[in-house]
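Counting from 1, one number per residue, gives the positions in the sequence shown under UniProt numbering. Beta carbons: idealized from backbone N, C-alpha and C, even for Gly. Note sheet for the following structure.
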Amino acid sequence: MFPRTKTRQNNTLRSTFNRQHRQKILILGDSHVRNTAKILQSTMDKDVYSAQAICKPNATFKDIVNDIANLTRDFTEHDFVIIQAVSNDVLKRELTVKNDFMEYVFMELKRELVKNDFMEYVFMELAKTNVIFLSIPYWSGRSVLNNLIYDYNCRVYNIIQSFSMQNISFVETNRVLGGVCSMRDGLH
Numbered sequence: 001m002f003p004r005t006k007t008r009q010n011n012t013l014r015s016t017f018n019r020q021h022r023q024k025i026l027i028l029g030d031s032h033v034r035n036t037a038k039i040l041q042s043t044m045d046k047d048v049y050s051a052q053a054i055c056k057p058n059a060t061f062k063d064i065v066n067d068i069a070n071l072t073r074d075f076t077e078h079d080f081v082i083i084q085a086v087s088n089d090v091l092k093r094e095l096t097v098k099n100d101f102m103e104y105v106f107m108e109l110k111r112e113l114v115k116n117d118f119m120e121y122v123f124m125e126l127a128k129t130n131v132i133f134l135s136i137p138y139w140s141g142r143s144v145l146n147n148l149i150y151d152y153n154c155r156v157y158n159i160i161q162s163f164s165m166q167n168i169s170f171v172e173t174n175r176v177l178g179g180v181c182s183m184r185d186g187l188h
């Protein structure tokens, strides 16, 4: 998208959009988003973009986006919200449920995100801005968990697609991440 421009008397073009509104980038997530705002700010023009990250380690999807309405109150169609969440939803359920885990996860996902209209609430609150959902990254050396993460990512993708909103995107981060991107714990 090109910013609006205004012709000055000496025929030079000057962006009026930048003076009126710095594009805001809000990053919400668990420990995966730590320091991402600093990294983005260091690579972007500070006069044009403003990045903020809210990192909530060990938080579930609901905990991460619970204040989305207040955080995006002054966002416009030029701004972005990036959400990296749901990984702790998967991990917490793995630790608490032993039998029929996959069925339980999908039932919980449906109950929390669809039945309670929570995902719809989040999407409606973000209808005025651009939203990017990042997939759950795989764990190094955890193939059983990675199969679950794959299924969970597909489920979240399908839920997002069911809303048919042009301003919401799902990015499969595992296509660019690999084993070299993980630390000793296999994840971060």
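Buried or exposed: residue i, going by 16 or more other Cβ atoms within 10 Å of its Cβ?
i       : result
Glu-172 : exposed
Ile-39  : exposed
Leu-113 : Any reading at Leu-113 must be qualified, since the residue scores a pLDDT of 48, below 50, and its modelled position is unreliable; no value is offered.
Ser-87  : buried
Phe-163 : exposed
Val-156 : buried
Thr-43  : exposed
Glu-77  : exposed
What are the boundary residues of the beta strand (DSSP E) that includes residue i?
i      : result
Ser-56 : Residue 56 is actually Lys in this sequence, not Ser. Careful: Lys-56 lies outside any beta strand (DSSP E) and carries neither H nor E.
Lys-24 : 23-29
Ile-68 : No beta strand (DSSP E) contains Ile-68, which is instead part of the alpha helix (DSSP H) from 68-71.
Ile-82 : 80-84
Could you check which residue in the options has the C-alpha nearest to that of residue i?
i       : options                          : result
Val-81  : Asn-88, Ile-64, Ser-42, Asp-89   : Ile-64
Gln-52  : Val-33, Asn-130, Tyr-152         : Val-33
Ile-68  : Thr-76, Gln-84, Val-122, Lys-46  : Val-122
Ile-27  : Ala-59, Ile-54, Ser-50           : Ile-54
Asn-58  : Ala-85, Asn-35, Ala-127, Ile-159 : Ala-85
Asp-89  : Leu-148, Asp-47, Thr-129, Thr-36 : Leu-148
Ile-160 : Asp-30, Val-131, Asn-70          : Val-131
Asn-153 : Thr-72, Phe-170, Ser-143         : Phe-170
Does the Cβ-Cβ distance between residue i and residue j come in under 8 Å?
i       : j       : result
Met-174 : Ser-140 : Checking the displayed sequence, the identity of residue 174 turns out to be Asn instead of Met. No.
Phe-61  : Lys-24  : no
Thr-129 : Asn-70  : no
Val-48  : Arg-22  : yes
Could you spell out the range, first to last residue, of the alpha helix (DSSP H) harbouring residue i?
i       : result
Ser-143 : 143-162
Ser-42  : 36-43
Does the ligand NAP have a heavy atom nearer than 7 Å to the CB of residue i?
i       : result
Leu-126 : Because no ligand of any kind appears in the structure shown, any question about the ligand NAP cannot be addressed here.
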